[in-house]
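Please read the structure below before turning to the comments.
Protein chains in written order, with the working numbering: chain A, 295 to 894; chain B, 295 to 894.
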C-alpha cells in the first residue's frame with residue numbers, strides 16, 4: 295500500500311529556485327514540502343553570481359546578513375583587449391561592476407551555490423522545515439475536472455514520490471495530494487517533461503570551459519570581474535571565496551572532440567587543458583595555480599542553449615520555474631538570479647490563494663510576468679553572447695567586435711543584468727493609471743531604496759526594510775505638506791478609505807501601512823494622525839535629514855511626489871509597485887484590490 | 295580532600311566586566327575560567343546603556359551585529375523644563391544624543407543587561423567555554439614570594455571556590471591555582487574586600503527611583519533620551535526594548551523613610567508610588583501604564599555613591615575592575631561602559647604576558663590607565679549630578695540651575711560620556727613623541743573611524759574593522775605619495791625595519807600590517823610593494839573614493855598625515871594609538887616595542 299498524504303504545496307527540486315519558494319511559502323504560513331532526488335546539496339562549482347536585485351530580494355527575507363557574511367563582493371569590472379603593441383592583452387578600462395545608481399547594493403556577489411542553498415536551509419530549519427531527500431517523483435497527474443480546478447481548496451494534483459535507490463516499488467513509495475505543485479528541478483526538469491511542456495529555442499555553437507582554482511599571477515585584476523578579448527577567444531575572470539577565481543574559457547568548436555551523440559567528449563578535455571588555454575590568452579601576464587597540491591576545486595565544459603519553456607504552468611496548478619523554464623549562457627550571471635526571481639514572484643501569489651485572500655486568477659500573472667522576463671533574457675543573451683564570443687576587430691577580422699560595442703552593450707544592459715530594471719507589464723496587480731502622482735516610483739518596478747527617518751526616535755530607516763517579503767501588500771502613505779489647506783481632509787478621507795479596505799479584505803486587522811510625512815522631525819506630529827495611520831509608532835517616517843546628517847532626505851523629490859497633494863502607493867508583497875492613488879480618491883484603492891482580492 | 299586545579303586566569307564575577315575579560319582572553323587563546331556566585335544571569339532591569347565607544351569595542355570583538363539586532367538606538371536627546379507659562383513642563387530643545395562627530399555609531403543603545411551577558415555567553419560558548427555557576431570564592435591568597443611574583447609562569451594566586459549552597463565544606467570545595475585573577479564581582483566585591491582594598495570617596499544625598507514599564511502617554515519623546523527638570527525634582531526617560539521606557543525619578547530625601555541602618559526603607563516605597571511622582575512631574579502631559587495587567591517590568595531605589603578603589607591590582611597578580619573599582623550615578627549611563635572598558639583594557643595585557651610576548655611591567659599600565667579614568671569619571675559625575683539634581687532657577691530658587699548650564703555641561707562632557715574622548719596618558723605603551731606625523735590620530739586615543747578602499751577589489755573598508763580585538767598589535771603603514779622622490783627608499787627602509795621587528799618579537803610570523811596607499815585605485819600598485827608589506831591582498835588599502843562614490847576618501851587629511859612623507863602608526867590591541875613613527879627611522883618602532891615586548 296502506498297502511503298497517502300495531503301499538502302498545500304509540493305515543490306520538486308531543491309536548488310536556489312525551489313528553496314526560495316519553500317522558504318517564502320513556509321514563512322507565509324503555508325503548508326509546504328520540498329523534495330529533491332539528489333542525496334546531498336551542491337558541494338562545489340555551479341552557479342555562483344548574485345546580482346544587485348537578488349541581494350535586495352534576499353534582504354527582504356532577512357537573509358542579507360547571511361549572504362554578505364560569506365559572499366565575495368565584486369565592485370569593479372575590468373576589460374582587457376589585444377594590446378595595441380600586438381603582443382598579448384592590456385587593460386582597456388576599469389569601471390563599476392554595477393552601473394545602476396539606484397541599486398541598494400551596487401555590486402555583484404559571488405558565492406558557491408551550495409552556500410546559497412545552506413542559507414535557505416538554515417532559514418527553513420529555524421521554521422521547522424527541511425528538504426526531503428533523496429526523493430523523486432515518478433508520476434504527476436493534474437485533475438481534468440473543472441470543478442476541482444476552480445476550487446482553490448481542492449487537492450488537484452497527485453504526485454507519486456519514491457526514493458531513487460529503493461528496490462521495492464511499493465514500500466518506499468508515497469502518494470502526495472497537493473493543491474499546488476512547483477517544478478524547479480533544473481534544465482532537464484522531470485516535471486516539465488512529465489507535463490509535456492516544450493522548451494522553445496535552440497542550442498548555439500558556443501562552447502565554454504570553466505575552472506575554479508587559486509591563482510598565482512601578476513595579473514592585477516583577480517579580485518574584479520574581468521572580460522578578456524583575444525584574437526583566439528574570450529575569457530571571463532570572476533573572483534570567488536578563499537582567494538579562488540573562476541575562469542570561463544571560450545573554446546573553439548573545431549578543436550573539440552565530440553562523442554557519438556554530437557556532445558563534447560569530456561574524457562578528451564581536462565581542467566589542466568583549460569588552464570593551458572587560459573594561460574596563452576593571459577600573455578604577457580603570468581598565470582598558474584598557486585598550489586598544485588590543492589588542484590582545481592571544480593571544472594566543467596558546456597554548450598550554450600538559449601531556450602524558454604512554452605508554458606510556465608498547467609492550469610495554474612503546477613508551476614515551472616528556474617532552469618526548468620529558461621536556459622542561457624552564464625555570461626551575465628543570470629541563471630541563479632532569474633531562477634530565484636521566478637519563485638520570489640510566484641510564492642506570495644500562491645500564499646494569498648491558499649490563505650483564501652486572493653482569487654485564483656492572481657496565479658495567471660506568474661506566467662504573464664515571468665515568461666516575458668525569460669524571453670527578454672534570451673533576447674539579451676543572444677545579443678550579448680554574440681558580442682562577447684565574437685572575435686575582436688583586427689586587420690584579419692575586419693567585421694570583428696570593437697571594445698566600444700561590447701562596452702556599450704555592457705552599459706545598456708546594466709539595468710537588465712542587475713535585475714533592478716525589471717518592469718512588469720500592466721495587469722490586475724500592476725495598475726499604471728496614476729503614475730503621475732509618484733513619477734519616481736514606476737509601477738511594475740521594485741521600490742527603489744531610500745533612507746527616511748523614523749519620526750519617534752530619529753532612526754535612519756531604509757524604506758526597503760519596511761517592505762519585508764511576508765506575502766502581504768503594503769501601503770506607503772505620503773501625507774504631503776501638513777501646512778496645506780486640505781491636509782486634514784485628505785488624511786481623514788484616506789483613513790476612512792483604508793478603514794473600508796481593511797474591513798472588506800482583512801477583517802479589520804491592523805494595516806501594513808507606512809506613513810511618510812513631509813517636513814521636519816517632530817515626534818509630536820505622530821499623535822495628530824488618525825490611529826489607523828499609525829498602528830505602531832515605528833510605522834511613521836519623515837522625509838528629513840537624519841540626526842547625524844549622514845542621510846540627506848529628499849525622498850519626496852526622488853520618488854516624484856508633490857508635497858502639495860501627497861500620494862498613496864500600493865506595494866506588492868514582492869516589493870514591486872502595484873498601484874498609485876491620490877489621497878482623495880478612495881475608489882482607486884478599492885478598485886485595485888477588488889481586481890483580485892476576495893472579500894472576507 | 296579538596297580538588298586542586300591550575301588555570302592561567304580565574305575571573306570572579308560574570309557581569310559585563312567579567313564577561314568582557316573572559317571572552318577576550320579566551321578569544322586570545324588564554325586558558326581562562328569565570329565563576330559567579332549567582333545561579334542565573336540578570337533577568338531584568340540593571341544597567342542598560344551602551345555608549346558609542348562601547349559599541350565600537352563590541353564591534354571589534356565581532357559582536358556588533360548581535361548588539362544592534364536587539365538594542366534600542368537612541369539618537370536624540372530632548373530637554374524639558376518648567377513651562378514659561380508656569381504650569382507644568384515644556385520642550386526646551388531636542389538635539390543629537392551623541393555630540394561627537396567622530397563616533398562610528400553616533401547614538402546610545404539601550405538593552406537589558408541580561409541580553410548583553412547572553413551575547414558574551416554565546417560568543418564564549420562558540421569557543422567551548424561557559425560560566426561556572428553558582429560558584430563563589432571563600433579565600434584568596436597571593437604569594438608573598440618575590441621569585442614567584444616575578445615569574446609570569448608561576449601560579450601566584452590560590453583561590454578556594456565553593457558552591458554557595460553546598461552543605462558539606464569539603465566535598466564541594468575546589469582549590470584553584472591561578473597565574474592571574476580578575477575580580478569583577480560588583481560594587482560589593484568580595485575580592486576587593488578579601489584583599490583589603492579600600493573604596494575612596496563618599497555617599498551623596500541624592501536618591502533615585504527607577505521604573506521600567508510600557509507607557510500610555512501623549513508625551514512625544516518616549517523614544518528619545520529625555521532630561522526633565524521641574525521645580526519638584528528631576529527625571530530621566532530612556533527608551534527600552536518592547537516599547538518600554540525606563541524612568542528615573544529623583545526623590546526628596548526628606549520625604550523618604552529610612553530604616554535603622556540609615557538606608558532607604560524599600561518596604562515603604564513602591565513602583566506605583568514612583569509612577570505617581572513621575573506623573574506629577576509630567577504635567578501637562580498624561581502618563582500612565584499601558585496595560586495594568588503587564589505591570590512594572592522592574593523597579594528599584596538607590597542612593598548615589600561616588601567612590602574609586604585605592605588600588606586596581608595587588609602585585610599585578612590580582613586585578614579589580616568594573617563596579618568593584620568605581621561607583622557613581624547612572625545619570626550618563628557610564629556604569630556598564632566603564633566596567634567593560636576596564637577589562638577591554640586589561641585582557642590583552644594579560645594575554646600578552648601569559649603568551650610570553652610581553653614583560654610583566656606591561657600589567658602596571660592597567661591601573662595607571664584605568665584608575666585615572668575612574669577618577670575622571672567621579673569628577674565628571676560630581677559636576678554633572680549636581681547640575682542634574684539641582685533645582686531649576688526660579689524666583690524662589692534664585693541660585694538654581696539654568697537649562698543653559700546643564701546643556702553646556704551635556705555638550706562639554708559629550709566626549710567623555712560617549713567614551714570616544716578617552717585619552718590614556720604617556721607610558722611605555724603610549725608614546726607621544728612623533729605626534730606631528732599624524733596629527734589627526736592622537737596618541738592614547740582610539741583610532742577614529744574612516745572608510746578606505748581595498749585596493750584589490752575596491753571594497754569600502756572601515757579601518758576600525760581592520761583592528762579587531764585579537765590581543766595583537768597592528769601597524770598602519772601610510773606609504774604616502776608614490777610619485778615622490780624617496781618613495782622607494784622609504785618603503786624599503788620600513789620593510790627592512792618591519793622584518794627586524796618580526797624576527798625579534800614574532801619569530802618571523804607574518805605581520806599584522808595594513809598598508810594604506812595614497813592616490814588612485816589601481817590594483818597593479820599592490821604588486822610593486824615589498825611582500826612583507828602585503829602579506830595578503832586584502833591588507834592593502836588606498837585613500838580614494840570608493841567605486842560608487844558613497845565614501846569620499848580623504849583619510850590622509852583626516853588623520854593629519856602628510857602624503858609627502860607618510861607615517862607609521864602602531865595601534866595597541868585595544869585599538870588605541872600607541873606610537874607614531876616616520877617611515878625612515880626604524881629606531882622609533884624598535885624602541886617602542888623594546889619598552890615592553892620580550893625578544894623571542
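Glycine residues also receive a C-beta, built at the ideal position from the N, C-alpha and C atoms. Please read all numbers here as calculations on a predicted model, not as lab measurements.
- Counting along the chain, residue 798(B) sits inside the alpha helix (DSSP H) bounded by residues 781-800.
- Linking residue 865(A) to residue 447(A) through their CA atoms gives a straight-line distance of about 27 Å.
- Pairing residue 394(A) with residue 717(A), the inter-Cα distance amounts to about 15 Å.
- In summary, the residues of the segment 831-843 of chain A whose CB is separated from some CB of chain B by less than 7 Å are 831, 841, 842, in the order they occur in the chain.
- Not a single C-beta of chain B is nearer than 8 Å to the C-beta of residue 534(A).
- Across the structure, residue 686(A) and residue 702(A) are spaced so that their CA atoms are roughly 15 Å apart.
- DSSP lists 304(B) as the beta-bridge partner residues of residue 327(B).
- In this structure, 774(B) is the residue among 828(B), 880(B), 811(B), 774(B) with its C-alpha nearest to the C-alpha of residue 856(B).
- Close to chain A, meaning a Cβ-Cβ distance shorter than 9 Å, are the following residues of the segment 364-391 of chain B: 366, 367, 368, 369, 370, 372, 385, 388, 389, 390, 391.
- Judged by DSSP secondary structure, residue 756(A) falls within the beta strand (DSSP E) whose first and last residues are 754-756.
- For the pair of segments examined, the segment 423-434 of chain B was found not to touch the segment 370-377 of chain B: the number of CB pairs separated by less than 8 Å stays below three.
- Contact annotation, residue 642(A) with residue 318(A): C-beta distance approximately 7 Å; criterion of less than 8 Å satisfied.
- The bridge partners DSSP lists for residue 544(A) are 502(A).
- Within the segment 505-517 of chain B, those residues whose Cβ lies closer than 8 Å to any Cβ of chain A are, in chain order, 512, 514, 515, 516, 517.
- For residue 400(A), the nearest beta carbon of chain B is closer than 8 Å to its own beta carbon.
- Taking C-beta separations shorter than 8 Å and ignoring five residues to either side along the sequence, the partners of residue 729(A) in its chain run 736, 737, 874, following chain order.
- Under the 8 Å criterion on CB atoms, residue 817(A) is classed as interfacial with respect to chain B.
- Interface annotation, residue 750(A): in contact with chain B, CB-CB separation under 8 Å.
- No Cβ of chain A is located within less than 8 Å of the beta carbon of residue 412(B).
- Close CB contacts of residue 612(A) within its chain, under the 8 Å cut and outside five residues either way in sequence, are with 434, 436, 451, 474, 475, 476, 477, 485, 489 (chain order).
- A residue is called buried once 16 or more other Cβ atoms fall within 10 Å of its Cβ, and residue 523(A) is buried on that count.
- Put simply, of 593(B), 836(B), 333(B) the residue whose alpha carbon is nearest the alpha carbon of residue 749(B) is 836(B).
- Annotated three-state conformation of residue 569(A) is helix, per DSSP.
- In the DSSP assignment, residue 403(B) forms a beta bridge with 344(B), 367(B).
- With contacts defined as CB atoms closer than 8 Å, residue 340(A) and residue 297(A) fail to qualify as a contacting pair.
- Bounds of any alpha helix (DSSP H) do not take in residue 530(A); it lies within the beta strand (DSSP E) bounded by 527-533.
- When secondary structure is reduced to three states using DSSP, residue 577(A) falls in the coil class, being assigned neither helix nor strand.
- Across the structure, residue 554(B) and residue 594(B) are spaced so that their CA atoms are roughly 19 Å apart.
- Contacts with chain A at 8 Å (Cβ-Cβ) do not include residue 584(B).
- Between residue 782(B) and residue 883(B), the C-beta spacing is not below 8 Å.
- Contacts with chain B at 8 Å (Cβ-Cβ) do not include residue 403(A).
- One thing to note: residue 344(B) has its Cβ within 8 Å of the Cβ of residue 361(B).
- If you look at residue 600(B), you'll find it in the beta strand (DSSP E) that goes 592-603.
- Contacts with chain A at 8 Å (Cβ-Cβ) do not include residue 852(B).
- By the neighbour-count criterion, in which 16 or more other beta carbons inside 10 Å mark a residue as buried, residue 456(B) falls on the buried side.
- Annotation: the segment 710-739 of chain B contains no complete segment of the beta strand (DSSP E) (minimum length 3 residues).
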